[in-house]
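Undergrad: I'd like to ask you about the structure that follows.
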């Protein structure tokens, strides 16, 4: 692997000479964001999978911050996103991107209590299998754990958690303050990414223009939106991301941000597969512990709703919560692990 590149900061733009004094001079001129000079960065990351060089953490943070602030032209933004997709992110690039992403919105405050908050991203939804991420959220809330779910509200090809919550009659938080209030009241808190972090949502929307996902889709699955330590439930789809994210959580993630679970996603979602439990790794202060080993097929496979039907999924979840159906064993075990570790993280804060 080639060493991370460090790119010298471009020279500051020279301001034009002031106009002659007068009425116009007394009016404050609008603040125009300084355009980001992206060419040196694209030169490093845009040489293809084998020829590209990774950015240093600081350069990655500076570049992604400029992207979030809208200081990168559309042409250069598309070039950066596609170059990173072809090259793949290094651990230091992910660390820099994530630092910029988490600094782009106001962090949330979790309610006081026995448990650290659980962060549950939901950006994939379901196509074939049932999306049971809302069930995981509601089971944790029933145990007294504050849970923040964040994600997209719609996907033309998939059933989102937001649509299932709507079918359950559970309103989405319209702001960070509303999400905080819901958690304080012991209620499920789902907030659309557009309400939590609008600049991040804008980069996610680039998928509609480019036709493919970008680094932001990885970042939203691992970001920590709270001011205090939390337990992040994270997932990956492609094997190379297991290696990269394990390296990140083991060696680069700030310990004071809390712990993380890492698992292969259920159609991309961070809920255990009700038919075949995935391996779950727990990262705490750089130490990796296997909580759940990968299973074959569950001995008692539950009858699940159709993956694309929000109303059917909502009814099924309601029946589980009412005790008319059993909680799938893999999800019940995932809930137990979350409750245990959320309590440990909270205790370590004291």
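Numbering (the UniProt record's numbering), first residue to last: 1 to 350. Heads up, the beta-carbon is just placed ideally off N, CA and C, and yes, glycines get one too.
Could you tell me which uninterrupted alpha helix (DSSP H) segments, each at least 4 residues in length, are contained entirely in the segment 154-224, listed from first to last along the chain?
TA: With a minimum length of 4 residues, the continuous alpha helix (DSSP H) runs that stay inside the segment 154-224 are 161-167, 176-184, 193-196, 198-204, 206-210, 215-222.
Undergrad: Just tell me which of 261, 135, 310 has its CA closest to the CA of residue 291.
TA: Mapped onto the chain shown, residue 291 falls at position 291. The shortest C-alpha separation from residue 291 is found at 261.
Undergrad: Please look up how many angstroms separate the CB atoms of residue 116 and residue 342, rounded, as I've assumed it's under 8 angstroms.
TA: Taking the chain shown and counting its residues from 1, the one referred to as residue 116 is at position 116. Taking the chain shown and counting its residues from 1, the one referred to as residue 342 is at position 342. 5 angstroms between Cβ atoms; contact.
Undergrad: Output the residue ranges of the beta strand (DSSP E) runs that lie fully inside the segment 113-155 and measure 3 residues or longer, sorted by chain position.
TA: Whole beta strand (DSSP E) segments, 3+ residues: 118-122, 147-151.
Undergrad: Using the beta-carbon count (16 or more within 10 Å), is residue 285 buried or exposed?
TA: Locating residue 285 in the chain shown gives position 285, counting from the first residue. Label assigned to residue 285: exposed.
Undergrad: Just the Cα atoms here: how many angstroms apart are residue 306 and residue 312?
TA: Position 306 of the chain shown, counted from the first residue, corresponds to residue 306. Position 312 of the chain shown, counted from the first residue, corresponds to residue 312. About 7 angstroms.
Undergrad: Taking DSSP as the reference, what is the three-state secondary structure of residue 259?
TA: Here residue 259 corresponds to residue number 259 of the chain shown, with the count starting at 1. Strand.
Undergrad: I'd like the span of the alpha helix (DSSP H) that includes residue 50, first residue to last.
TA: One-based indexing of the chain shown puts residue 50 at position 50. Looking at the DSSP string, the run of the alpha helix (DSSP H) that includes residue 50 is 48-51.
Undergrad: By Cβ distance, which residues of its chain are closer than 6 angstroms to residue 233, with the 5 residues on each side in sequence left out?
TA: In the chain shown, counting from the first residue as 1, residue 233 sits at position 233. Cβ neighbours of residue 233 beyond the five flanking positions: 120, 261, 270.
Undergrad: If you draw a straight line from the C-alpha of residue 159 to the C-alpha of residue 215, how long is it?
TA: For this step, residue 159 is matched to residue 159 along the chain shown. For this step, residue 215 is matched to residue 215 along the chain shown. Those two C-alpha atoms are separated by around 22 angstroms.
Undergrad: So what does DSSP say about residue 351, is it helix, strand or coil?
TA: Nothing about residue 351 can be reported from this structure: the residues present for the chain run from 1 to 350 only.
Undergrad: Apart from the five residues on each side of it in sequence, which residues of its chain come closer than 8 angstroms, Cβ to Cβ, to residue 199?
TA: Translated into the one-based positions of the chain shown, residue 199 becomes position 199. If we look at residue 199 and ignore the five residues flanking it on each side, its Cβ neighbours are 68, 69, 70, 104, 105.
Undergrad: Determine the burial state of residue 210: buried for a count of at least 16 other Cβ atoms within 10 Å of its Cβ, exposed for fewer.
TA: Your numbering for residue 210 matches position 210 in the chain shown. So residue 210 ends up on the exposed side.
Undergrad: Mind checking whether residue 99 and residue 61 have CB atoms under 8 angstroms apart?
TA: On the chain shown, residue 99 is found 99 positions in, with the first residue counted as 1. On the chain shown, residue 61 is found 61 positions in, with the first residue counted as 1. Cβ atoms of residue 99 and residue 61: closer than 8 angstroms.
Undergrad: According to DSSP, what are the bridge partners of residue 235?
TA: In the chain shown, counting from the first residue as 1, residue 235 sits at position 235. Beta-bridge pairing links residue 235 to 263.
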